[in-house]
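Colleague: Take a look at the following structure, please.
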Amino acid sequence: MTDPIAATALRATRLGRRFRKGWALRDCGFDLPAGRITALVGPNGAGKSTLFHLATGLLRPTEGEIRVFGADPVTAEARDRTAFLSQDKPLYTGFTVAETLRFGRELNRSWDAATAERVVRAGNIPLDARVGTLSQGQRTRIALALAFAKRPDLLLLDEPLADLDPLVRIEVMGLVMAEVADRGITVVMSSHVLSELENVCDHVLLLAHGGVRLQGDAQQLCEDHLRLTGLADPSRKGGLPSGLDGVDVVESSVTGRQLTALLRTDGRPVDACADDRWVTDIPSLEDLLLAYLRSAPAATPSSDKEAAA
Amino acid sequence: MKGTLWLAWRQQRTLILVGAALLVACAAWVAFQRADMMAYISDHHIDTANCKGWDGDCRGDAAYRLLQDTTGPLRALGSLSAALPVLIGVFWGAPLLGRELESGTWKLALTQGVGIRRWFLSRFSLALGCALVGSAVLAGLLVWWWEPVSNMLDGLYWHDGFIFNATGPAAVACAVFGLVAGTAAGLLLRRTVAAMGATLVAVAGLRVLLTAVRHDWVSPVVRRSQGDSARQYIGTAESAGDFGFIDRSGNLVHDAAACGWSPGLPDMKTCMAQKGFTGRFYAVYPTSDFWVFQWIETAIFLGLAAVLMALICVVLRRRVV
Amino acid sequence: MIVFRIDRRSGVATYLQLAHQVRQALRLGVLKPGDRLPTAKDVVEATAINPNTVLKAYRELEREGLVEPRPGQGTFVRRSLARPEAAVGSPLRTELTEWVVRARDAGLERADIAALTDAVLDEWFSSTQVSKQVKPPPEPSLPPHPSPQSMEEDT
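Here the protein sequences line up with chains A, B and C, keeping their order.
Under my numbering, think of the first position of the first sequence as 1, with each following residue one higher.
Under my numbering, think of the first position of the second sequence as 310, with each following residue one higher.
Under my numbering, think of the first position of the third sequence as 631, with each following residue one higher.
And the structure:
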């Protein structure tokens with residue numbers, strides 16, 4: 001396998017895709033590091049599924065390009081290294097479990113039958129059961145068995161936990177994480193449930209209105225931000241303290257006399273927050289993502305800077 | 310079977326097995342019926358070669374009873390064979406991509422190790438092979454059975470829909486068109502049931518349209534007779550529905566009623582002399598035109614299938630979402 | 631073998647929760663020197679957390695000298711935190727018990743005694759904070775052993 005530190009698993013350059021209704025993704029650029037678990041976050045219609053479809057070659061970009069370990073997603077090389085679990089977790093309902101596994105074996109150049117059977121057996125799913133008779137959780141397990149047995153380097157999961165009950169969610173995420181621990185694969189995973197991502201993901205890609213709004217190492221991003229709580233300064237617009245020049249205000253709101261704000265400081269000390277009228281702390285990943293999701297207009301951090309200055 | 314071909318077989322095996330079973334049953338039934346028919350012909354010493362045409366020289370009731378007994382079953386088989394392209398299009402073509410798109414399983418298949426081209430070609434080739442074999446066998450069975458009693462007295466003629474639309478290269482080409490049309494409808498509409506409906510309308514509609522306009526593409530042969538002498542028998546040709554007289558300068562007068570006969574009118578000879586007609590004519594499509602019509606329709610079906618196939622390839626290349 | 635439990639709402643970083651649970655197990659004698667810690671794969675399969683979090687917790691414990699990785703075999707416990715000095719019947723404990731009896735006889739309430747011991751402890755372990763932080767810093771500067779937490783729980 002390639003060096004997981006240095007390599008980029010998924011790279012997009014000025015990536016755009018237009019549908020009849022308009023642009024689903026536009027001018028997206030990002031590098032997702034290999035060997036990491038990236039959370040793909042964004043409101044409905046932000047382009048998450050479109051991005052997955054572009055990364056798997058199910059869809060061709062209208063402009064720009066996307067590369068899987070440097071290869072075009074439609075090449076055999078990229079297909080061999082990528083596994084994708086679509087949001088609707090499609091399977092052939094008329095097939096038995098054994099036939100579904102055979103499907104994987106027949107359609108892939110490398111196939112690890114032992115892994116597939118281990119994952120299926122661990123879920124106590126009989127091999128002769130029809131897929132159509134299985135529960136949603138069992139189907140997800142079969143879909144993961146297909147994905148793992150392919151021995152991918154990049155695993156793309158579009159809302160893998162939707163429609164699953166809480167116990168099955170832990171079970172499914174546990175399966176994925178065990179595979180990560182075992183083989184060091186790169187995972188990109190979207191979810192609406194941000195709290196599910198907190199303990200799982202160590203990298204973030206946040207989309208809004210078809211563009212990249214935030215990306216980077218999860219820990220670093222949290223440390224680059226500051227949550228500010230205190231008495232709103234009535235003499236200033238928005239109640240924010242002075243001395244915030246050059247600091248991005250991601251979100252701020254005043255309730256009564258209290259001001260809460262999320263600032264992007266990029267690790268610089270902020271003078272205004274030093275006095276004891278203000279309580280500052282590092283936001284949790286969930287807090288951070290929520291703040292970015294709430295700050296509606298799809299502006300890049302650099303244009304935020306201009307607005308705040 | 311390996312790879313995508315295994316997948317294609319696994320997904321189409323119900324259709325293939327049911328189709329094969331029906332075909333075998335059909336063949337057995339036809340073999341039995343034909344043997345029965347041949348026994349009747351030889352038992353009653355029917356000289357079928359001399360019975361050809363409306364005015365065939367057959368003596369006795371045996372030939373008429375023979376046709377009475379065989380025309381119905383032949384029509385049934387002809388109907389089945391003529392409907393086969395529609396059935397193939399609706400039940401094989403439309404779900405070929407439509408069901409995959411509707412259920413989302415195309416996303417599963419295309420994110421495995423194989424490309425879209427191999428995935429599509431495997432499933433389409435298998436369906437195409439089955440359509441070719443099925444339609445050719447059915448068309449062949451029909452001809453084999455019909456041939457001894459073809460174009461005979463008041464039996465089934467080459468230009469009857471039950472025969473013309475059900476045999477020959479055009480029937481096979483129509484099955485190919487049906488499959489491609491169904492596949493294209495499934496791809497474009499992305500819903501199996503909607504695609505089935507569209508395929509039914511398209512394939513059946515084209516068949517009806519071609520039957521209606523078929524005769525406009527080929528000029529009939531004009532058969533002339535001098536004076537009021539007896540006309541040549543129509544034989545096994547198809548009447549073009551065009552009768553009339555020939556004037557002195559040799560022009561055709563397309564009016565069969567110009568010298569009609571009824572009490573009080575002069576007889577035909579007198580009438581023709583009065584009006585200056587030198588002879589009579591009628592127009593027919595001779596039996597050999599079967600092949601002209603067949604090749605024209607074969608070309609149309611295959612041409613349309615090629616156009617739709619190109620469309621399918623373009624859409625698939627651009628990806629299906 | 632130890633079973634980890636993640637409290638997702640505690641606000642305490644997950645790797646610290648894991649390290650804390652290992653220390654606790656060492657103190658209680660659930661884990662003994664030579665025992666193998668569960669592999670990262672085993673832990674994440676049960677808890678559905680990022681494997682790097684487990685590795686980070688194990689590195690933390692390794693830094694504290696509690697565990698050691700053996701290439702190709704796993705991570706093993708090096709030493710116990712169970713302290714015979716604090717066990718029932720040990721001289722230190724007997725002396726402390728006698729002192730508490732005298733303090734009570736002198737009229738001190740439970741809270742007074744606790745305040746007194748805290749004050750003395752603060753005096754002797756002044757560089758550390760006993761109060762729990764809501765958000766621990768990413769690389770906490772851990773005190774030399776015995777940690778104040780262990781003292782607190784062992785008394």
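Beta carbons are placed, not taken as given, at the ideal position from N, Cα and C, and that holds for glycine.
#1: For the putative contact between Met177/A and Val674/C, defined by C-beta atoms under 8 Å, what is the C-beta separation to the nearest angstrom?
#2: Helix, strand or coil: how does DSSP classify Val187/A here?
#3: What residues from the region 91-108 of chain A come within 9 Å of chain B, judged by C-beta to C-beta, listed N to C?
#4: Taking only the alpha-carbon atoms, compute the straight-line gap between Glu411/B and Pro404/B and give it to the nearest angstrom.
#5: Would the beta-carbon of Leu206/A fall within 7 Å of that of Leu263/A?
#6: Could you list the residues in the region 671-699 of chain C with a C-beta less than 9 Å from some C-beta on chain A, going in chain order?
#7: What does Arg638/C touch in chain A if you count any residue whose Cβ is under 8 Å from its own?
#8: For Pro33/A, which three-state DSSP category applies?
#9: Nearest to His650/C by alpha carbon, out of Pro681/C, Pro663/C and Leu711/C?
#10: Does any residue of chain A have a CB that is nearer than 7 Å to the CB of Thr501/B?
#11: May I ask you to report which of helix, strand or coil DSSP gives Cys201/A?
#12: The alpha helix (DSSP H) that contains Ala592/B, what's its start and end?
#13: Quick one: is His775/C buried, meaning 16 or more other Cβ sit within 10 Å of its Cβ, or exposed?
#14: Show which residues of chain B have a CB atom less than 9 Å away from the CB atom of Thr56/A.
#15: Taking the beta carbon of Leu285/A as the centre, do at least 16 other beta carbons fall within 10 Å, making it buried, or is it exposed?
#16: Let's see if you can read the secondary structure: which residues bound the alpha helix (DSSP H) around Leu617/B?
#17: I'd like the ranges of any alpha helix (DSSP H) spanning at least 4 consecutive residues and lying wholly in the region 88-152 of chain A.
#18: Going by DSSP, what residue range makes up the beta strand (DSSP E) through Phe552/B?
#19: Helix, strand or coil for Met173/A per DSSP?
#20: Consult DSSP for Lys671/C and reduce its assignment to one of helix, strand or coil.
#21: Counting only C-beta atoms, is Asp128/A closer than 7 Å to chain B at any point?
#22: Put Arg14/A into one of helix, strand or coil per three-state DSSP.
#23: At the level of alpha carbons, what is the spacing between Thr476/B and Thr13/A?
#24: Contact between the region 468-483 of chain B and the region 385-401 of chain B is defined here as three or more beta-carbon pairs at a separation below 8 Å; is this criterion met?
#25: In the region 209-239 of chain A, which residue ranges form an unbroken alpha helix (DSSP H) of at least 4 residues, counting only runs that do not cross its ends?
#26: Between Ala539/B and Gly553/B, how many whole angstroms is the CB-CB distance? I'm expecting something under 8 Å.
#27: Please list, in chain order, the chain A residues whose beta carbon lies closer than 9 Å to that of Ser307/B.
#28: Count the other CB atoms within 10 Å of the CB of Val760/C; is the residue buried (16 or more) or exposed (fewer)?
#29: From the DSSP secondary-structure annotation, give me the bridge partner or partners of Thr255/A.
#30: Is the region 122-139 of chain A touching the region 164-175 of chain A in the sense that three or more CB pairs, one from each, lie closer than 8 Å?
#31: For Lys361/B, which residues in chain F fall below 8 Å Cβ to Cβ?
#32: Would Val423/B pass as an interface residue toward chain A - the criterion being a Cβ-Cβ separation below 7 Å?
#33: Under DSSP, the alpha helix (DSSP H) around Glu692/C begins and ends at which residues?
#34: Judging by CA-CA distance, which residue of Arg130/A, Pro126/A, Val200/A and Val119/A is the nearest neighbour of Lys150/A?
#35: Determine the extent of the alpha helix (DSSP H) in which Leu51/A is found, giving its start and end residues.
#36: Would DSSP call Glu641/B helix, strand or coil?
Modeller: Here's the rundown:
#1: Rounded, the Cβ-Cβ distance is 4 Å, consistent with contact.
#2: Correct three-state label for Val187/A: strand.
#3: Taking 9 Å as the Cβ-Cβ cut-off against chain B, the residues of the region 91-108 of chain A that qualify are Leu91, Tyr92, Thr93, Gly94, Phe95, Glu99, Arg102, Phe103, Gly104, Glu106, Leu107 and Asn108.
#4: When only Cα atoms are considered, Glu411/B and Pro404/B end up about 9 Å apart.
#5: The beta carbons of Leu206/A and Leu263/A sit no closer together than 7 Å.
#6: Listed by position along the chain: Lys671, Asp672, Val673, Val674, Glu675, Ala676, Thr677, Ala678, Ile679, Asn680, Pro681, Asn682, Thr683, Val684 and Leu685.
#7: Those within 8 Å of Arg638/C in chain A are Ser195, Glu198 and Asn199.
#8: It is a strand residue.
#9: Its Cα nearest to that of His650/C, the residue Leu711/C stands out among Pro681/C, Pro663/C and Leu711/C.
#10: Not an interface residue.
#11: Correct three-state label for Cys201/A: coil.
#12: No alpha helix (DSSP H) contains Ala592/B, which is instead part of the beta strand (DSSP E) from Phe586 to Tyr594.
#13: Any reading at His775/C is ruled out, since the residue's pLDDT is 43, under 50, leaving its predicted position unreliable.
#14: Chain B residues near Thr56/A: Lys416, Leu419 and Thr420.
#15: Answer is buried; the Cβ neighbour count reaches 16.
#16: Counting along the chain, the alpha helix (DSSP H) containing Leu617/B begins and ends at Asp598 to Arg626.
#17: With a minimum length of 4 residues, the continuous alpha helix (DSSP H) runs that stay inside the region 88-152 of chain A are 97-107, 113-122 and 136-149.
#18: Counting along the chain, the beta strand (DSSP E) containing Phe552/B begins and ends at Glu547 to Asp556.
#19: Residue state, collapsed to three classes: helix.
#20: Lys671/C: helix per DSSP, three-state reduction.
#21: Against chain B, the CB of Asp128/A has no partner CB under 7 Å away; the residue lies outside that interface.
#22: In the three-state reduction of the DSSP assignment, Arg14/A falls in the strand class.
#23: Computed Cα separation, rounded: 57 Å.
#24: With a cut-off of 8 Å, the region 385-401 of chain B and the region 468-483 of chain B count as touching, because enough Cβ pairs lie within range.
#25: Counting only runs of 4 or more, we get 218-223.
#26: About 17 Å separates the two Cβ atoms, so there is no contact after all.
#27: Because residue 307/B is not part of the residues shown, which for chain B are 310 to 630, the question remains open.
#28: In this prediction, Val760/C scores a pLDDT of 43, lower than 50, which makes its location untrustworthy; no coordinate-derived value is stated.
#29: Gln258/A, per the DSSP bridge assignment.
#30: Enough Cβ pairs lie closer than 8 Å, so yes.
#31: This model lacks chain F altogether; the protein chains it does include are A, B and C.
#32: At a cut-off of 7 Å between beta-carbon atoms, Val423/B makes contact with chain A.
#33: Per DSSP, Glu692/C belongs to the alpha helix (DSSP H) from Pro681 to Arg693.
#34: Measuring from the Cα of Lys150/A, the nearest candidate turns out to be Val119/A.
#35: In this chain, the alpha helix (DSSP H) harbouring Leu51/A covers Lys48 to Ala55.
#36: Nothing about residue 641/B can be read from this structure; chain B reaches only from 310 to 630.
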